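Structure first, commentary second.
Protein chains: 2
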Amino acid sequence: MQASAENALLPTGLSDLLPPDAAFEAAVVDRLTALFAAQGYERIKPPLIEFETSLLAGAGAAMAEHTFRLMDPISHRMMGLRADMTPQVARIAATRLKNSPRPLRLSYAGQVLRVKGTELKPARQLGQVGIELIGAEGPAADAEVILLAAETLSALGLEGLTIDLNLPTLVPAAAQALGFRKTAIKSLVQALDRKDAAAVAGHAGRHAVLFQGLIGAAGPARRALAALQRLDLPPEAAEERRRLGEVVAHAFRALPRLHLTIDPAEHRGFEYYNGVGFSLFARGARNELGRGGRYVSGEGEPSTGFSLYLDSLIQALPAPAAARRILLPLGTARGAAAKLRREGWITIGALHATADMMDEAHRLHCSHVWQGGRARSVAKTSPRRRKTKA
Amino acid sequence: MQASAENALLPTGLSDLLPPDAAFEAAVVDRLTALFAAQGYERIKPPLIEFETSLLAGAGAAMAEHTFRLMDPISHRMMGLRADMTPQVARIAATRLKNSPRPLRLSYAGQVLRVKGTELKPARQLGQVGIELIGAEGPAADAEVILLAAETLSALGLEGLTIDLNLPTLVPAAAQALGFRKTAIKSLVQALDRKDAAAVAGHAGRHAVLFQGLIGAAGPARRALAALQRLDLPPEAAEERRRLGEVVAHAFRALPRLHLTIDPAEHRGFEYYNGVGFSLFARGARNELGRGGRYVSGEGEPSTGFSLYLDSLIQALPAPAAARRILLPLGTARGAAAKLRREGWITIGALHATADMMDEAHRLHCSHVWQGGRARSVAKTSPRRRKTKA
Chain A
3 MQASAENALL PTGLSDLLPP DAAFEAAVVD RLTALFAAQG YERIKPPLIE
53 FETSLLAGAG AAMAEHTFRL MDPISHRMMG LRADMTPQVA RIAATRLKNS
103 PRPLRLSYAG QVLRVKGTEL KPARQLGQVG IELIGAEGPA ADAEVILLAA
153 ETLSALGLEG LTIDLNLPTL VPAAAQALGF RKTAIKSLVQ ALDRKDAAAV
203 AGHAGRHAVL FQGLIGAAGP ARRALAALQR LDLPPEAAEE RRRLGEVVAH
253 AFRALPRLHL TIDPAEHRGF EYYNGVGFSL FARGARNELG RGGRYVSGEG
303 EPSTGFSLYL DSLIQALPAP AAARRILLPL GTARGAAAKL RREGWITIGA
353 LHATADMMDE AHRLHCSHVW QGGRARSVAK TSPRRRKTKA
Chain B
3 MQASAENALL PTGLSDLLPP DAAFEAAVVD RLTALFAAQG YERIKPPLIE
53 FETSLLAGAG AAMAEHTFRL MDPISHRMMG LRADMTPQVA RIAATRLKNS
103 PRPLRLSYAG QVLRVKGTEL KPARQLGQVG IELIGAEGPA ADAEVILLAA
153 ETLSALGLEG LTIDLNLPTL VPAAAQALGF RKTAIKSLVQ ALDRKDAAAV
203 AGHAGRHAVL FQGLIGAAGP ARRALAALQR LDLPPEAAEE RRRLGEVVAH
253 AFRALPRLHL TIDPAEHRGF EYYNGVGFSL FARGARNELG RGGRYVSGEG
303 EPSTGFSLYL DSLIQALPAP AAARRILLPL GTARGAAAKL RREGWITIGA
353 LHATADMMDE AHRLHCSHVW QGGRARSVAK TSPRRRKTKA
């Protein structure tokens, strides 16, 4: 998209998607939701606006400052323009779909709006696409969601996919078991997030070796798990480690060549999760493509899922091939036109009789003209004359 | 959708679309935009929010009272949540696409929001899908748009499609040429809209026969055109009639069996149009499916287009066939699962080893179980046992 003066017509962080970008984005969303549906993830479509009380309930509260508010002239209650669809999915699972069998597999795709963008992501309207697996415990559920993300992104044509696993419960569990106070745990978590070994040592005291070891245990999953295994974790943290190992084992059993990494000290942005979390990256993609993990849904149901960031995904995908456009003279039979479209052509109907169809086709960005019952290439005819006109 | 107490969680006129409705709606939108694209109508995606000044400019002003307003904390200017996408399309055509060759063929699909619903349509969030043909005069352009609507709705599986043509410029042109004052023209137009022959006679005075004749000239297109032809219209109105006749001739030349009707006295809801307008209906559809017509776009460009009402369309379409769901035991090879999906199955992965896969499949609404390398039907095995458990 161009950042021209014309964009000043629109508020900062809001933009028009033009051809061919808008169609491509829609095609990516279709493909994603079709791939989700094929593995049983059924689509739901919550409204763009809800009552503030339900939109910002539970985990939704984190989005309060990012949410546009509107007064409802009918109920005189405050409504919010959704900034995140996941609280809506949790609401639907806990209410209208509370009697549907568990595990409940849901998918969603839609637009979210934010009061302000960030420096890194100035956009205030974002496309969000994702799935939730609700009411499912155990490593097979975590692995299903991770594998679904991997297979889906590969099917879209992304190459060099990496899934970075983390375990935001590990450090708090270990520190708590070792008798650290709440404020000390917080400082330790932050130092680990920064990978600041000296600060970690300072906060960890006599347990410095253990917590510094977590920084060293980051990297490709098999090696990282082995390094984690060598750490002398207290039982509560060892249990977390065991769960992570099981999830990795499930994932590798299904896709042995999956590129999984582990960063056991990562915590920032995953506070919401109470089990294995993950971030999605791909070679050549500037930004994170999405993230997910295990959490507790609305009514206390063990759940896992992921959200994809549509803008990052679109940037990372190869541009689609342009379809061939053919100009049809006025009065071309409907049957001939329909046949061309079935063959994959985009047909452009001329609205006037034109003396030079080749010139007209060129003007309308058509590569071909339908003449005498066949598609004639524009490029091959009188390029010189057209050039002088252009 | 159920109108249960749970819906009270949402503001009036806003609702959740659940499985399978949400997926079906998305599939209909995909199909529509694909059909539009095949005839050169390229998709654009304007933002959900814009500055009020641009959203409500020109023809957009009609939606002012239906539009939610928001203060932009960045620019401190008022923004509007779109209630109609067509002013956005006009804005884009006149600004960012002003140098694209004409005619410009654009399509759009998205959500619009209204401050209040109507008694007939209480929904406050609506799906809008449509096309615009911008910078094109002449009957071939009108016919292209009418035929695109007809072919698209037929391709979706709608039967008994009727396109009702009107000509909102005809009565004003005739009355003005015959020396009627502005207020008298307005009364006459309203009486004709109500098909109130006595009131028409009252307002039309010595021209009663002519204007009452317009009420009689409604019906199937060929017959209505013949009846119109017999009316003694002043030249300005006769010119409008000639244009209508040309559009009908173009449409019938392409699709001789098209079910076209004409209501030359219809005006209400078509004030915006300055040429042939049309409404789309289908057998069994409770409501109008969409409407369109000729208008002048943002910067004075002659244009025509149509909008479809997604909610009416969905109600009128036959429900899609449910895909077959098959339960895969934990540990099923990825290759076998992928093959089943390629064959059209929806695969549901079991997350635990289960003693009775048939019961589990039944519980998860799967018709089949993958056992011993083949799909075994649930229905055919031990229905009695399952019934006692249900």
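Note that the protein sequences, when read in sequence, are chains A and B. Residues 3 to 392, numbered by my numbering, are exactly what the first sequence covers, in order. Residues 3 to 392, numbered by my numbering, are exactly what the second sequence covers, in order. Every residue gets a Cβ at the ideal spot worked out from N, C-alpha and C, and that includes glycine. Values in this document were obtained by computation on a predicted structure and should not be read as measured data.
Residue nearest to Asn276 (chain A) within the set A:Gly286, A:Leu257, A:Glu303 is A:Glu303 (criterion: CA-CA distance). For Ala151 (chain A), none of the residues of chain B pass the 8 Å Cβ criterion, the least Cβ distance being about 14 Å. Proximity of chain B to Lys118 (chain A) at the Cβ level (cut-off 8 Å) is accounted for by Pro75, Ile76, in chain order. Around the beta carbon of Met359 (chain A), 16 or more other beta carbons lie within 10 angstroms, which makes this residue buried. Leu212 (chain A) and Arg232 (chain A) have their C-alpha atoms roughly 10 Å apart. Between Ile328 (chain A) and Trp372 (chain A), the beta carbon gap of about 6 Å places them in contact (Cβ cut-off 8 Å). For Gln113 (chain B), a Cβ of chain A is located within less than 8 Å of the residue's own Cβ. Under the Cβ criterion of 8 Å, Thr349 (chain A) is counted among the residues facing chain B. Secondary structure at Arg243 (chain A): helix, using DSSP grouped into helix, strand and coil. Taking a C-beta cut-off of 9 Å against chain A, the contacting residues of the region 350-361 of chain B are Ile350, Gly351, Ala352, Leu353, His354, listed in chain order. The beta carbon of Pro22 (chain B) sits closer than 8 Å to some beta carbon of chain A. DSSP links Tyr297 (chain A) through a beta bridge to A:Ser305. Excluding sequence positions up to five before and after Val298 (chain B), its CB lies within less than 8 Å of the CB of Asn276, Pro304, Ser305, all in the same chain and listed in chain order.
By the Cβ-count criterion, Met65 (chain B) is buried, with 16 or more other Cβ atoms from all chains shown falling within 10 Å of its own Cβ.
The beta carbon of Glu345 (chain B) does not come within 8 Å of any beta carbon belonging to chain A, so the residue lies off that interface.
Remark: C-beta atoms of Met81 (chain B) and Ile46 (chain B) do not approach each other more closely than 8 Å. At least one CB atom of chain B sits nearer than 8 Å to the CB of Asp32 (chain A).
Per the Cβ contact rule, the region 284-297 of chain A is not in contact with the region 251-262 of chain A (fewer than 3 Cβ pairs under 8 Å). DSSP assignment within the region 32-92 of chain B yields the following whole alpha helix (DSSP H) runs of 4 residues or more, N-terminal first: 54-57. Assigned with DSSP and collapsed to three states, Asp313 (chain B) falls in helix. Look at the region 42-66 of chain B: the residues with a C-beta under 7 Å from a C-beta of chain A are Gly42, Glu44, Arg45, Ile46, Lys47, Pro48, Pro49, Leu50, Ile51, Glu52, Phe53, Ser56.
With respect to the C-alpha of Leu332 (chain A), the residue from A:Glu362, A:Ile136, A:Thr14, A:Gln214 having the closest C-alpha is A:Glu362. Residue contact with chain A for Thr14 (chain B): present (Cβ-Cβ distance below 8 Å to some residue of chain A).
Boundaries of the beta strand (DSSP E) harbouring Val371 (chain B): 370-373, taken from the DSSP string.
Residue contact with chain A for Leu160 (chain B): absent (no Cβ-Cβ distance below 8 Å to any residue of chain A). Take Asp234 (chain A), set aside five residues on each side of it, and the residues of its chain with a beta-carbon closer than 7 Å to its own are Leu212, in chain order.
A distance below 7 Å between beta-carbons, with the five flanking residues on each side excluded, links Phe308 (chain B) to the following residues of its chain, in chain order: Gly132, Ile133, Val147, Ala151, Gly292, Arg293, Gly294. Contact of Gly140 (chain B) with chain A by beta-carbon distance below 9 Å involves Leu353, His354. In this model, Arg183 (chain B) and Leu190 (chain B) are separated by some 10 Å (Cα to Cα). In the three-state scheme derived from DSSP, where H, G and I count as helix and E and B as strand, Glu146 (chain B) is classed as helix.
For Leu235 (chain A), no alpha helix (DSSP H) segment is defined, and its DSSP state is neither H nor E. Annotation: Pro22 (chain B) to Lys123 (chain A) spans about 34 Å, alpha carbon to alpha carbon. Here Ile264 (chain B) has Leu167, Ala223, Ala226 as same chain residues with Cβ atoms under 6 Å from its own Cβ, once five neighbours each way along the sequence are excluded. In chain order, Ala25, Ala28 make up the part of chain B whose C-beta sits under 8 Å from the C-beta of Thr35 (chain A).
For Ala111 (chain B), the enclosing beta strand (DSSP E) has its first and last residue at 106-115.
Within 8 Å of the CB of Ser17 (chain B), the CB atoms of chain A belong to Pro49, in sequence order along the chain.
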